[in-house]
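Notes for the one structure printed next.
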Amino acid sequence: MRGSYLMLVELKNPKKIQIGNLRDIDFKKGFYIYVGSALSGLNQRIQRHLRKQKKIHWHIDYLLTHAKIVDIFYKQSTLKEECCIAKILEKELSIIPNFGCSDCTCKSHLFHGSYEDIKNAIANLEIKQYSINAKS
Numbered sequence: 002m003r004g005s006y007l008m009l010v011e012l013k014n015p016k017k018i019q020i021g022n023l024r025d026i027d028f029k030k031g032f033y034i035y036v037g038s039a040l041s042g043l044n045q046r047i048q049r050h051l052r053k054q055k056k057i058h059w060h061i062d063y064l065l066t067h068a069k070i071v072d073i074f075y076k077q078s079t080l081k082e083e084c085c086i087a088k089i090l091e092k093e094l095s096i097i098p099n100f101g102c103s104d105c106t107c108k109s110h111l112f113h114g115s116y117e118d119i120k121n122a123i124a125n126l127e128i129k130q131y132s133i134n135a136k137s
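One rule links them: number in this note's numbering = place in the sequence shown (from 1) + 1.
Written as C-alpha cells, this is what we have:
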C-alpha cells in the first residue's frame with residue numbers, strides 16, 4: 002500500500018524539544034497533526050511510527066518521544082500528496098515552521114490546533130482511519 006498519512010498526536014504538557022537540526026521548539030500543550038507520505042510502504046511506515054523503540058530519524062520522531070499518537074489517517078495513492086494536504090491544513094491550523102518539510106518548499110508538515118479544529122480541518126480530505134489497536 003502506498004500513499005499519505007496524517008498522525009494526530011497529543012502533548013500532555015508544554016515542552017521545549019530539540020528537533021534534529023532545526024532548533025529547540027517550544028511546543029504548547031495540546032493536539033498536533035503531522036502529514037507524511039510513504040510511496041513504498043505505507044503500512045510499514047505507520048507501524049514504524051507506532052513502535053516505541055526505533056532510531057530517531059525524522060522530525061516527527063523527536064516529537065513522538067514526548068507525545069502520544071491518538072489517531073492515524075491515511076489515503077492510498079501512487080502520487081505524493083502530502084504537500085497538497087499540508088497546504089490545505091495550513092489555511093486552518095497553526096503551523097510549526099519548517100517541521101517535517103526539509104525535502105520540499107512547504108511551510109510545515111506539522112500543525113497545531115484544538116482537537117475539534119483538527120478534526121474539522123481533515124473532515125473534507127478523502128482519508129480513512131487507520132486502526133491503531135488492530136495493527137500495533
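Heads up, the beta-carbon is just placed ideally off N, CA and C, and yes, glycines get one too.
Whose CA, out of the options, lies closest to the CA of residue i?
i      : options                         : result
Tyr75  : Phe100, Ile97 and Arg46         : Arg46
Tyr33  : Cys105, Pro15, Gly42 and Cys107 : Pro15
Phe28  : Asn22, Tyr35 and Ile18          : Ile18
Thr106 : Lys88, Glu11, Ile123 and Lys120 : Lys88
Tyr63  : Cys84, Leu23 and Leu126         : Leu23
Asn99  : Trp59, Ile119 and Gly114        : Trp59
Met2   : Gly101, Gly21 and Leu40         : Leu40
Thr66  : Lys129, Ile97, Glu11 and Ile133 : Glu11
Asp104 : Gln54, Glu83, Ile73 and Ile133  : Glu83
Can you give the Cα-Cα distance for residue i and residue j, rounded to whole angstroms?
i      : j     : result
Tyr1   : Val71 : The requested residue 1 is not part of the displayed model; the chain covers only 2 to 137.
Ile26  : Ser78 : 32 angstroms
Ile1   : Leu43 : The shown model of the chain, from 2 to 137, leaves out residue 1, and the question about it has no answer.
Leu51  : Tyr35 : 14 angstroms
Tyr131 : Gln48 : 11 angstroms
Taking a contact to mean a Cβ-Cβ separation below 7 angstroms, would you say residue i touches residue j in this structure?
i      : j      : result
Tyr6   : Gly37  : yes
Phe112 : Leu126 : no
Ala122 : Leu80  : no
Lys108 : Ile96  : yes
Met8   : Ile73  : yes
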